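What follows is a single structure, written as structure tokens, with notes after it.
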Amino acid sequence: MGAGHGHRLHYHGHSLVHRLPAQCKIFALVLFVFAVVATPRGHYWVYAVDAVALALVVAVSQVPPTYLVKRMVVEVPFVVFAILLPFVAVGEQTEIWGMSMSVSGLHAAATLLAKATLGVVGGLLLAATTEPRDIITGLEGRLPRQLLQIMAMMVRYLDVTSDQLRRMRIARESRGFVARNPRHWPVLAHSAGAFFVRSYERGERVHLAMLSRGYAGSLSGFESAQVRRRDWMLSLLLPLAAAVAAGAAWWTR
Amino acid sequence: MTEPVLEVSQLAYAYPDGHQALFGVNLSLVRGERVALLGPNGAGKTTLVLHLNGILAAGHGSVTVSGMRVSKATVTEVRRRVGLVFQDPDDQLFMPTVADDVAFGPANMGLRGDELTHRVETALTLVGMADFAKRPPHHLSFGQRRRVAVATVLAMQPEILVLDEPSSNLDPASRRELADIITALDITVLMVTHDLPYALELCPRSVILSDGTLVADGPTVDLLSDDGLMRAHRLELPFGFDPRHTGPRPSRT
């Protein structure tokens, strides 16, 4: 019943992208997303440039594209919303496959999809090439320490608690329980309650164990990796490409 | 006579809800001694242990650690002197890597830099886990995590090592490996356990806690051979085990 190896989002590797310090990658991702979002409406070629640049980074990272595609399910809610847009938006209408759609809605949907997809793939790539622990150390000095401590704890106990949840489910199912309809929800609610109490108690035990080792309210030991100028230059290539494309689109607007 | 490293005298404690867990416990440990604390579930063993490093404050009586009385003012130093290893290593290990976790205690004591690194390496070497320093704790086997938990406390160079159920959930090989580690340490050990053969193997002396009072204190082999005493306090030996006819400690190191 041991915990599985590795986090579900992380793809083990030693590529250039894997080796870049986490803070560079986080900063690059934020800039990239800003550049994508700042693209003026209607200039679809910019998204194509961004996509090609991102695809190049994916290629360098050696993360299989199928690995990223499978994890893109998080985007589904955006896709649903984007599909609805042409039908609910008002203004000039057009006819596609016999259905009346709003032109501005179509544009909004396409833009939303393009931006969301680029952002999601970028985020997934960061998660795939960076250990959760490095993401936290990479944020050191940029977020309040207390928040970082909470995040570090969450990363540490994610496996422990999800494993516990899995064991509780297996134990339920071993006694013939399968949640099929709303009448079964009270059982799930009881499970959730028990899970909450257990996690809370574990939190208390962890705190006791920390006190026993002289914990007095502050954690040390998050030391970021050394960053060289070359690392920054390499990481900024992707956002630079996106920024140039977006800038050109504004220029030619 | 050697001066006692741990002196518990007339210790009584009632939980805030009124449940009285300890009724005047007296216990004295001499430097370098290994003692097993035996007793049925709910006897007050954990309550007693939590007094030893000042997590719980004595309702009546006192706890003294090498001449220093446990109180609010001395609690930091007491927690350095008394190292508590909790039963569930997942409660103890909460940092992103093994090395960070072992460094947590000494860092709280104010150690930094090379001295801290050296402490961590020494402690991990003592438990045979030096090669795992950079690994996240949740990727280790249960036995390995238990050993790292011991190292997190050894790194604080305590005078007394208190182990709560050290052999629970270990496979026989991990159980023996841990016994090898404990016997190799030059340190006073108090071991809370239900594993009576383990107590006999590691601790020449045992005490029995039952219903919040210390009912027996003597050589482990004598206590385990006393059928009447064992029965009166819900203690049972495993099938086929006779404490009077055991060979020398098996060791494969």
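So the sequence lines, in the order shown, correspond to chains A and B.
Under the working numbering, the first residue of the first sequence carries the number 1, and numbering increases by one thereafter.
Under the working numbering, the first residue of the second sequence carries the number 254, and numbering increases by one thereafter.
Virtual Cβ for every residue (Gly too), placed ideally from N, Cα, C.
Predicted model, so just to flag it, every value in this text is computed and none were measured.
Selection from the options that minimises the alpha carbon distance to residue i
i              : options                           : result
G119 (chain A) : A:M151, A:V103, A:V74 and A:G138  : A:V74
Q397 (chain B) : B:S324, B:E430 and B:E374         : B:E430
G307 (chain B) : B:N294, B:A289, B:R287 and B:R334 : B:R334
A289 (chain B) : B:L438, B:L423 and B:E418         : B:E418
G91 (chain A)  : A:R166, A:A59, A:G105 and A:L139  : A:G105
M382 (chain B) : B:S427, B:P496 and B:K325         : B:S427
A254 (chain A) : A:F27, A:V30 and A:H43            : The question about residue 254 (chain A) has no answer, for chain A in this structure spans 1 to 253.
G336 (chain B) : A:V227, A:L208, A:L234 and A:L9   : A:L208
T66 (chain A)  : A:L124, A:Q93 and A:W97           : A:L124
A192 (chain A) : A:T161, A:G176 and A:R180         : A:T161
M348 (chain B) : B:H391, B:T317 and B:V316         : B:H391
Q410 (chain B) : B:V351, B:L393 and B:E330         : B:E330
E256 (chain B) : B:Q263, B:R284, B:N294 and B:V278 : B:R284
V58 (chain A)  : A:Q149, A:S15, A:K70 and A:W185   : A:S15
V258 (chain B) : B:V302, B:V318, B:L393 and B:P425 : B:V318
E201 (chain A) : B:D341, B:L364, B:L301 and B:Q263 : B:D341
Q345 (chain B) : A:V206, A:R166, A:W45 and A:W185  : A:V206
F385 (chain B) : B:V351, B:L369, B:N294 and B:T300 : B:V351
Residues that residue i contacts on chain A, provided the C-beta gap is smaller than 8 Å
i              : result
G358 (chain B) : R213 and G214
T370 (chain B) : The premise fails here: T370 (chain B) is roughly 11 Å from chain A at the closest Cβ pair, so nothing lies under 8 Å.
I308 (chain B) : L208, L211 and S212
R332 (chain B) : L211, S212, R213 and G214
Below-8 Å beta-carbon distance, residue i vs any chain B residue
i              : result
V155 (chain A) : yes
V76 (chain A)  : no
L148 (chain A) : no
A194 (chain A) : no
D159 (chain A) : yes
L208 (chain A) : yes
A152 (chain A) : yes
R133 (chain A) : yes
Close-in-space but distant-in-sequence residues of the same chain around residue i (CB under 7 Å, 5 per side omitted)
i              : result
A242 (chain A) : F32, A35, V36, D50 and A53
G6 (chain A)   : Any reading at G6 (chain A) must be qualified, since the residue scores a pLDDT of 49, below 50, and its modelled position is unreliable; the value itself is stated next. If we look at G6 (chain A) and ignore the five residues flanking it on each side, its Cβ neighbours are H12.
N422 (chain B) : F395
A114 (chain A) : Y47
E286 (chain B) : T441 and R458
L364 (chain B) : R372
Cβ shell of residue i (< 6 Å), same chain only, five flanking positions each side left out
i              : result
L112 (chain A) : A82
D343 (chain B) : none
S595 (chain B) : Summary: the structure shown does not reach residue 595 (chain B), with chain B confined to residues 254 through 506, and so no result is reported for it.
I440 (chain B) : L414
A22 (chain A)  : T130, D134, I135 and G138
P40 (chain A)  : A249, W250 and R253
F78 (chain A)  : A116
V17 (chain A)  : V60, S61 and T129
V103 (chain A) : E92 and T94
V380 (chain B) : R400, V403, A404 and I434
Chain A contact for residue i (CB, 8 Å cutoff)
i              : result
M362 (chain B) : yes
L337 (chain B) : yes
T350 (chain B) : yes
H391 (chain B) : yes
T329 (chain B) : yes
T441 (chain B) : no
T378 (chain B) : no
Per-residue contacts from residue i into chain B (C-beta, under 9 Å)
i              : result
R202 (chain A) : D341, D343 and D344
Residue i Cβ short of 7 Å to the ligand SAM heavy atom set
i              : result
G314 (chain B) : Absence of the ligand SAM from the depicted structure is noted, as is the absence of any ligand whatsoever, leaving it without description.
Same chain, Cβ closer than 8 Å to residue i, five either side skipped, listed in chain order
i              : result
A194 (chain A) : M168
M483 (chain B) : L476, L477, E489 and L490
T253 (chain B) : Past the boundaries of the shown model lies residue 253 (chain B); chain B is included only from 254 to 506, so the question cannot be answered.
K25 (chain A)  : V17, L126, T129, T130, G138 and S235
P389 (chain B) : P349, T350 and V351
Per-residue contacts from residue i into chain A (C-beta, under 7 Å)
i              : result
N422 (chain B) : Residues of chain A passing the Cβ test: none, with the nearest at roughly 10 Å.
M409 (chain B) : R213
Within chain D, partners of residue i - CB distance below 8 Å
i              : result
R205 (chain A) : Among the protein chains of the structure shown, namely A and B, there is no chain D.
Neighbour list for residue i in chain A, Cβ cutoff strictly below 9 Å
i              : result
F347 (chain B) : A152, M153, R156, Y157, V206, A209 and M210
T405 (chain B) : A209 and R213
Quiz prompt | Contact the segment 436-448 of chain B vs the segment 467-480 of chain B: 3+ CB pairs below 8 Å | solution = no
### Task
Count the CB pairs spanning the segment 322-334 of chain B and the segment 432-439 of chain B that are closer than 8 Å, and state whether there are at least three.
no
Check: For the segment 259-272 of chain B against the segment 369-377 of chain B, are there 3 or more C-beta pairs whose distance is under 8 Å?
Finding: no
Query raised in the report: Can you find at least 3 beta carbon pairs, one from the segment 400-407 of chain B and one from the segment 307-318 of chain B, that sit closer than 8 Å?
Result: no
Is the segment 202-217 of chain A touching the segment 352-370 of chain B, taking contact as three or more C-beta pairs under 8 Å? yes
Just checking, does the segment 24-31 of chain A make contact with the segment 233-240 of chain A on the three C-beta pairs under 8 Å criterion?
yes
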